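Inspection log for the structure reproduced underneath, given as structure tokens.
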Ligand code: HPA
Ligand code: ZN
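Here you go:
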């Protein structure tokens, strides 16, 4: 409808997107066949029907299993390119995707294979689709800080292809403070810093991400509402939250979209953005997330414009690079 057309044509950035989470079942089966691997599902429909999650860990188990089909540079290219084509269809003008190198190096897939495939697709995205991008490497927080240090070392030949380093995977029991030293090193290297915090974990993890890791954005962050002083800080300092509405309902962070707090956070003056997180698993790319929020919570045109502008402003682009999209 006309309303959806309006949301589509708004220039939007996506700031919270795991490339491995864009692996559609169809591509997963194609890559499994190409690489001579057997998947524990009879077909695409059987796989899709397994996407029923009670919490974050239920999802992560399938997400890491699915990523096992990614082996060659071309696999990483095809994954990234398919995502960029979806972005073009949704009116996404800029992306800052995450990837999880440890889930691949653990399977003996070299860092170079991952970077080459992903960056070649991102370059083509700029050339052929006009979509700009900046890449973010994420450490897996269920692994040790030592493993994160090793990963950072392995990525150093590719440093110029990275804008920032993030922190993802199972949040409970893996607080930001576990990674304070490695993010000190990330800071010394002049890279940006983001972290998942306050998705399933408590508001205190958001404080730790801000005060100990010195993050520039908080990924998810929706549990900030449990601490009024934190809410005030996020508003005062306009620290962006990369909120993922369909993810939050599919992983039962909120029981239903009608219970989601994103519009409440926006109305309080927080710099919130809408993102898709792992769209192949959660049932929708960026535009579908805007539509789901609009339908369940109501969103005026002015609020849609504000959310889209927030996404551009919260990006790692320079002010000159943001200007054409604002
Ligand atoms: N949270 C934590 N780790 C993740 C997520 C998420 O939403 N998606 C992919 N890895
Ligand atoms: Zn995420």
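Numbering (the UniProt record's numbering), first residue to last: 3 to 328.
Every residue, glycine too, gets a C-beta built ideally from N, C-alpha and C.
Everything numeric in this text was worked out from a predicted model, so none of it was measured.
Inset, instruction - Answer yes or no: the CB of residue 221 versus the heavy atoms of the ligand COA, is any distance below 8 Å? - result: Only the ligand HPA and the ligand ZN can be found as ligands here, which leaves the ligand COA out of the picture.
Inset, instruction - Report yes if the C-beta of residue 126 is less than 8 Å from at least one heavy atom of the ligand ZN; otherwise report no. - result: no
Legend entry - Integer-rounded CB distance, given that residue 282 should sit under 8 Å from residue 23: 6 Å
Legend entry - Boundaries of the alpha helix (DSSP H) in which residue 96 is found, first to last residue: Run containing residue 96: none in the alpha helix (DSSP H); it sits in the beta strand (DSSP E), 94 to 97.
Legend entry - C-beta contact flag for residue 10 and residue 289 at 9 Å: yes
Inset, instruction - Look at the alpha carbon of residue 84 and the alpha carbon of residue 139, and state the distance between them as a whole number of angstroms. - result: 19 Å
Legend entry - Opposing strand residues paired with residue 244 [DSSP bridges]: 221, 275
Inset, instruction - Provide the residue(s) that pair with residue 167 in DSSP beta bridges, ordered along the chain. - result: 139, 195
Legend entry - Beta-bridge partners of residue 101, as assigned by DSSP: 139
Inset, instruction - Keeping to the same chain, check which residues put their C-beta closer than 8 Å to that of residue 1; ignore five residues upstream and five downstream. - result: The question about residue 1 has no answer here: the residues shown for the chain are numbered 3 through 328.
Inset, instruction - Going by DSSP, name the residue or residues bridged to residue 19. - result: 279
Legend entry - Rounded separation between residue 273 and residue 155 - CA only: 33 Å
Inset, instruction - Would you kindly work out how many angstroms separate the C-alpha atoms of residue 7 and residue 16, rounded to a whole number? - result: 18 Å
Legend entry - C-alpha distance - residue 58 paired with residue 258, whole-angstrom precision: 16 Å
Inset, instruction - Check whether the Cβ atoms of residue 285 and residue 53 lie closer than 9 Å to each other. - result: yes
Inset, instruction - Would you identify the three-state DSSP class for residue 317, choosing helix, strand or coil? - result: coil
Inset, instruction - Give the secondary structure of residue 249 by DSSP, where H, G and I count as helix, E and B as strand, and everything else as coil. - result: helix
Legend entry - Separation of residue 311 from residue 175, as counted between CA atoms: 34 Å
Legend entry - Buried versus exposed call for residue 128 [16 or more other C-beta atoms within 10 Å across all chains shown]: exposed
Inset, instruction - Determine which residues share a DSSP beta bridge with residue 14 and list them. - result: 94
Inset, instruction - Counting only the same chain and skipping the five closest in sequence on each side, list residues whose C-beta sits under 8 Å from that of residue 71. - result: 25, 30, 33, 34, 37, 39, 41, 77
Legend entry - Same chain, Cβ closer than 6 Å to residue 229, neighbours up to 5 away in sequence not counted: 205
Inset, instruction - Using beta-carbon positions only, say whether residue 178 and residue 169 come within less than 9 Å of one another. - result: yes
Legend entry - Cβ neighbour criterion (16 or more within 10 Å) applied to residue 136: buried
Legend entry - Beta-carbon proximity check, residue 232 vs residue 181, cutoff 9 Å: no
Inset, instruction - Could you tell me if residue 250 is buried or exposed, where buried requires 16 or more neighbouring beta carbons within 10 angstroms of its beta carbon? - result: buried
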